[in-house]
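Here this note's numbering runs 1179 ahead of the position in the sequence shown, where the first position is 1. Below: one structure, written as structure tokens.
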Amino acid sequence: MPWYQTTLTLKPRSRGFHLVTAEIQQTLASPLKDYEVGLAHFFIQHTSASLSINENADPDVRLDMESHFNHMVPQNQPYYRHTLEGSDDMPAHIKHSLLGNSLTIPIRQGALALGTWQGIYLCEHRDQGGSRRLVVTLNGA
């Protein structure tokens, strides 16, 4: 089975950095088992949320990431022109551009080959972003 593609819908979350590794692994358990070696590509279909890989053990890392990004990209700046969708929207687009819309993770022996302390983050940059869609593409043997 060389190619597989599906769309996952992640439940709505408030603004912040959320560990979604288990949710993704549970949803992909059946198709992943067919791959001994390969790549999993994750693409978020939104411009106000992003994906990242970072520490999965200490929840303070996620809080610190949120604090840093809010400091680095503040709301209500007088130079923002795109303001019709709320004061959190333009900063969300900037944060999305900084972190990115996709991840590629190796597949090894039917599982995502993440490091011991690595987890997949949904980085929700809106106060209430709603559900988020990920297009997942698997390739390998």
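Backbone N, C-alpha and C fix where the C-beta goes; we use that ideal spot for every residue, glycine too. Note that this is a predicted model, so its numbers are computed, not measured.
Proximity winner among His1220, Ile1232, Asp1213 and Thr1262, relative to Gly1294 (alpha-carbon distances): Ile1232
How do the segment 1212-1220 and the segment 1298-1307 stand: do at least 3 beta-carbon pairs fall below 8 angstroms, yes or no? no
Would you check if the distance between the CB atom of Arg1121 and the CB atom of Leu1301 is smaller than 8 angstroms? Nothing can be reported for residue 1121, as the shown portion of the chain is limited to 1180 through 1320.
Inside the segment 1267-1310 only - alpha helix (DSSP H) runs reaching at least 4 residues: 1268-1278
Nearest residue (CA-CA) to His1225, options Ile1273, Pro1181, Asn1249 and Pro1253: Ile1273
If you drop the 5 nearest sequence neighbours on each side, which residues of the same chain put their C-beta closer than 6 angstroms to that of Leu1278? Ser1229, Ser1231 and Cys1302
Relative to the C-alpha of Trp1296, which residue among Asn1235, Ser1227, Lys1212 and Glu1202 is closest? Asn1235
For Leu1291 versus Arg1241, is the C-beta distance shorter than 8 angstroms? no
Classification of Leu1207 by the beta-carbon crowding that lies within 10 angstroms, buried from 16 upward: buried
First and last residue of the alpha helix (DSSP H) that includes Leu1321? In the structure displayed, the chain extends from 1180 to 1320; residue 1321 sits before or after that span and is not available.
Supposed contact pair Thr1200 and Ile1284 - C-beta distance, whole angstroms, cut 8 angstroms: Not really, about 10 angstroms apart at Cβ, beyond 8 angstroms.
Bridge partners of Asn1255, per DSSP? The partner list for Asn1255 (beta bridge, DSSP) is empty, contrary to what the question assumes.
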